[in-house]
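Since the structure comes first, as structure tokens, the remarks are kept for the end.
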Amino acid sequence: MIDWKRTDTVFLDMDGTLLDLGFDNWFWRELVPRRYAQARGVSVADARTGITERYRRMEGELQWYCLDYWSAELELDLIALKQEVSAAITVMPHAEPFLRSLQDVPVRVVLLTNAHPVALSLKLGRTGIGRFFSAIVCSHDLGLPKESSGFWARLHDIEPYRPDRSALVDDSTAVLEAARAHGIDQTIAVRKPDQSQSPRIISHFPAIDDLRDITPF
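Numbering (numbering that gives the first Met the number 0), first residue to last: 0 to 216.
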């Protein structure tokens, strides 16, 4: 699925690709509404409905991923809350063997994430996967989310790569579409970013069930 012989750079997403997206889904959909309801004295159902609508309005924007933005918007200390429950962060099945295998391939391994810098630091600290990367790029540092076409031009300024000799693995089809439009030759989707949910049907990108499907050895 990835032709490693013609790949110089592999870009890897974090949440939903290397880490189980179940943590973030639970955090934003369950825990945040529950804590908001407690703070405001409203029902969890009402809190969830209102917060979900706020999420929807910011989808596709960098603020959608920003702990600072949502802490101010909801008047909750979400950085402290994420630290409080960080033990629930888990690595995807077969992610570490996959990352180890890339150390034996002549390829530059770059982590690309929309995660807020504090969340990124927390997750790398909990999982230890940071040691496997040649570089780590946070979209907050570039000012645009990965699903924005402008992100890929800005990325090239700091991380020169040949699109025709690059691969991207990501659970977001919007991100994959932006990368493909920018010329990234190999764009691979993840069918099951949340391990508690059923695999998704993905028709317009090659897709993997788990990282063993693209492990070089």
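Beta carbons are placed, not taken as given, at the ideal position from N, Cα and C, and that holds for glycine.
| message | Which runs of the alpha helix (DSSP H) at least 4 residues long sit entirely within the region 15-100? Give them in chain order. | response | 21-25, 31-39, 43-57, 66-73, 77-83
| message | What does the Cβ neighbour count give for residue 187, buried or exposed, with the cut at 16 atoms within 10 Å? | response | buried
| request: With a threshold of 16 other CB atoms inside 10 Å of the CB of residue 216, please say whether the residue is buried or exposed. | output: exposed
| Can you tell me whether residue 1 is buried or exposed, with buried defined as 16 or more other CB within 10 angstroms of its CB? | buried
| message | What does DSSP give as the partner residue(s) for residue 106 in the beta ladder? | response | BP columns for residue 106 are empty, so no partner.
| message | Can you check which of these residues, 81, 17, 34, is closest to residue 193 by C-alpha distance? | response | 17
| Cutoff 6 Å; reference residue 95; Cβ partners in own chain excluding five residues on either side | none
| residue 167, enclosing beta strand (DSSP E) - first and last residue | 165-169
| request: Specify the secondary structure class of residue 150 as computed by DSSP and reduced to three states. | output: helix
| task | Measure how close the beta-carbons of residue 114 and residue 137 come, nearest whole angstrom, since I'm counting them as under 8 Å. | result | 7 Å
| message | Alpha carbons only, please: which of 123, 65, 47, 105 is nearest the one belonging to residue 6? | response | 105
| task | In angstroms with no decimal places, state the Cα-to-Cα distance between residue 86 and residue 190. | result | 25 Å
| Beta-carbon proximity of residue 41 to residue 33, cut-off 8 Å | no
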